[in-house]
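**Student:** Attaching a single structure in structure tokens format; questions to follow.
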Amino acid sequence: MAISTGIVDRLDATHLHFVDVGGLRTRYYEAGRGEPLVLLHGGQFSSYYSLDSWSLNLPTLAEHFHVYAVDKLGQGYTDNPPTVRDYSFDALLRHTLGWLGAVGITAAHLVGHSRGALLAACLAQAQPGLARTLTIVDSDSLAPSDPTHQPGVFYDALDAQAKGPPTAASVRLEPDAQAYSREQVTDDFVARMLEIALLPKTREARRQMRDLKDRVWRPSLMRVKEDALRRIDAEGLPCPTQVIWGFDDRSAPRRLGLALFERIAARTPRAELHLLNQVGHYSFREQPAAFHRLLCAFCLG
Numbered sequence: 121m122a123i124s125t126g127i128v129d130r131l132d133a134t135h136l137h138f139v140d141v142g143g144l145r146t147r148y149y150e151a152g153r154g155e156p157l158v159l160l161h162g163g164q165f166s167s168y169y170s171l172d173s174w175s176l177n178l179p180t181l182a183e184h185f186h187v188y189a190v191d192k193l194g195q196g197y198t199d200n201p202p203t204v205r206d207y208s209f210d211a212l213l214r215h216t217l218g219w220l221g222a223v224g225i226t227a228a229h230l231v232g233h234s235r236g237a238l239l240a241a242c243l244a245q246a247q248p249g250l251a252r253t254l255t256i257v258d259s260d261s262l263a264p265s266d267p268t269h270q271p272g273v274f275y276d277a278l279d280a281q282a283k284g285p286p287t288a289a290s291v292r293l294e295p296d297a298q299a300y301s302r303e304q305v306t307d308d309f310v311a312r313m314l315e316i317a318l319l320p321k322t323r324e325a326r327r328q329m330r331d332l333k334d335r336v337w338r339p340s341l342m343r344v345k346e347d348a349l350r351r352i353d354a355e356g357l358p359c360p361t362q363v364i365w366g367f368d369d370r371s372a373p374r375r376l377g378l379a380l381f382e383r384i385a386a387r388t389p390r391a392e393l394h395l396l397n398q399v400g401h402y403s404f405r406e407q408p409a410a411f412h413r414l415l416c417a418f419c420l421g
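Position 267 (the sequence shown) corresponds to 387 in my numbering; numbering is contiguous.
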């Protein structure tokens, strides 16, 4: 059931831009002054998530940082992968590195949520000196595998409910299910997700992923994840790293965050873990003030 709230949840279109990255039209948000801060959203090819998910955070963070947020390859308003082979994590990583080069970012504070946190960690590992700090937010994608946790079950149950063409009711199933408090699942946010869901490119990506999810995407994701964890075990992460996790995260339970932090802290000299109480998977939306406070203290302190 939709819940109307008084939360202001707009996305300032004057800060939205497009840039060509290897022939792919790529949307990003840029605002503020100060040290560069790059926000990488979650989801995967054909997901309805985009840079819009940071809408409750962007204005405040731009008061402290030069903020960038990007629509990842095959999500939001960024073009889809150009070939079947490019529905892989390797192509996503190449595209993101290309975008960083296109907008002139050589060093930044990296923040990644969920699938975006694995991407942020891989960027830090792939390009020495790129990450000034790294913030990992609720990321089953980077956390060590747990035999008691089957990540696909949560999302499969939601997919079973979302039959037919996208509607406001169907696109909000996932954010509602992930939330401890649904106040942050605003009508404005749902409307923007629905616009993305109805794009021809999104429908095409969903069609491709029905065939390629298990054949191309997931094998590449698991290979990259295991490699990232091996490097973390051997070397730690190459920059100060904090982990922020929702205590009540349903799709990525907090025990995964604790296990990930133990791996990181063993060889990363400056590492912090923060659990936010009464918060689900989208901690940065449910408790934006606490999230901003943690980012500013860690990155600028």
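Just so you know, even glycine gets a beta-carbon here, dropped at the ideal spot from N, CA and C.
(1) According to DSSP, G142 sits in a beta bridge with which residue or residues?
(2) For F165, tell me which candidate among H135, E382, L341 has the shortest Cα-Cα distance.
(3) Quick check: the segment 384-402 against the segment 361-370, are at least 3 beta-carbon pairs closer than 8 Å?
(4) Taking the runs of the beta strand (DSSP E) that are 3 residues or longer, which of them lie wholly in the segment 342-412?
(5) Using the Cα positions of V128 and D191, report the straight-line distance between them to the nearest angstrom.
(6) Using a Cβ-Cβ cut-off of 6 Å (strictly less than) and excluding sequence neighbours within five positions of I123, which residues of its own chain qualify?
(7) Could you give the residue range of the alpha helix (DSSP H) that holds L239?
(8) What are the boundary residues of the alpha helix (DSSP H) that includes R330?
(9) Taking buried to mean at least 16 other C-beta atoms within 10 Å of its own C-beta, is S403 buried or exposed?
(10) Compute the Euclidean distance between the alpha carbons of A386 and A311, then round it to the nearest angstrom.
(11) Would you call the segment 211-220 and the segment 324-334 touching, i.e. three or more CB-CB distances under 8 Å?
(12) What does the alpha-carbon distance come out to for the pair A207 and R338?
(13) For L213, which residues does DSSP report across the bridge?
(14) Is I256 helix, strand or coil when you go by DSSP?
(15) Given G356, which residues of its chain have a CB within under 6 Å of its CB, disregarding the five upstream and five downstream residues?
(16) For the beta strand (DSSP E) holding Y188, just list the boundary residues, first then last.
(17) Determine the contact status of L314 and A297, defining contact as a CB-CB distance below 7 Å.
(18) Can the beta-carbon of A228 be found closer than 7 Å to that of S259?
(19) Taking the alpha carbon of R205 as the point to measure from, which residue in N397, Q328, A372 has its own alpha carbon closest?
(20) Using CA atoms only, rank isn't needed, just tell me which of R350, P264, V305, D331 is closest to Q245.
(21) The ligand SAH and L254: does the residue's C-beta get closer than 6 Å to at least one heavy atom of that ligand?
(22) Closest to A299 by CA distance: which of L414, Q407, E150, T226 is it?
(23) How is G272 classed by DSSP in three states: helix, strand or coil?
(24) Can you grab the Cα-Cα spacing for the pair D266 / T134, in whole Å?
(25) Can you say whether A280 is buried or exposed, counting buried as having 16 or more other CB atoms within 10 angstroms of its CB?
(26) So V223 packs on V291, CB below 8 Å; how close in whole Å?
(27) So, under 8 Å CB-CB, R130 and S175 are touching, yes? Tell me the CB distance rounded to an integer number of Å.
(28) Once the 5 residues before and after C416 are set aside, which same chain residues still bring their CB inside 7 Å of it?
(29) Going straight from the alpha carbon of A317 to that of S234, what length do you get?
(30) Can you tell me which residues form a DSSP beta bridge with V158?
(31) In this structure, how does DSSP classify E183 when only helix, strand and coil are distinguished?
**Tutor:** Taking the coordinates as given:
(1) Looking at the DSSP assignment, G142 forms no beta bridge with any residue, so it has no partner.
(2) Closest by alpha carbon: L341.
(3) Touching, yes.
(4) DSSP runs (the beta strand (DSSP E)) wholly in the segment 342-412: 361-366, 391-396.
(5) Going by the C-alpha atoms only, they are around 22 Å apart.
(6) Because the pLDDT of I123 is 36, which lies under 50, any placement of that residue in the model is unreliable, and the question is left without a value.
(7) Counted as a single uninterrupted DSSP element, the alpha helix (DSSP H) harbouring L239 occupies residues 235-246.
(8) From DSSP, the alpha helix (DSSP H) with R330 extends over 320-332.
(9) In summary, S403 is buried, with 16 or more beta-carbon neighbours lying within 10 Å of its beta-carbon over all protein chains present.
(10) Whole-angstrom Cα-Cα distance: 43 Å.
(11) Between the segment 211-220 and the segment 324-334, the count of C-beta pairs closer than 8 Å stays below three; the two stretches do not touch.
(12) Per the sequence presented here, residue 207 reads as Tyr, with Ala not at that position. Going by the C-alpha atoms only, they are around 10 Å apart.
(13) Per the DSSP secondary-structure output, L213 pairs with nothing in a beta bridge.
(14) Strand.
(15) The answer, listed in chain order, is R387, T388.
(16) Going by DSSP, Y188 is part of the beta strand (DSSP E) stretching over 186-190.
(17) Going by C-beta atoms, L314 is not nearer than 7 Å to A297.
(18) Going by C-beta atoms, A228 is not nearer than 7 Å to S259.
(19) Out of N397, Q328, A372, Q328 has the C-alpha closest to the C-alpha of R205.
(20) The shortest Cα separation from Q245 among R350, P264, V305, D331 belongs to R350.
(21) In terms of ligand content, the structure shown is empty, and the ligand SAH therefore cannot be addressed.
(22) Closest option to A299, Cα to Cα, is Q407.
(23) Secondary structure of G272 (DSSP, three-state): helix.
(24) Distance from the CA atom of D266 to the CA atom of T134, rounded to whole angstroms, is 43 Å.
(25) Residue environment analysis places A280 among the exposed positions, since fewer than 16 neighbouring C-beta atoms fall within 10 angstroms of its C-beta.
(26) Taking C-beta atoms under 8 Å as the contact rule, V223 and V291 fail to qualify, at a distance of about 29 Å.
(27) R130 to S175, Cβ: 7 Å. Contact.
(28) The residues are H184.
(29) Answer to the nearest angstrom: the Cα atoms are 20 Å apart.
(30) Partner(s): Y188, L230.
(31) When DSSP states are grouped into helix, strand and coil, E183 belongs to the coil group.
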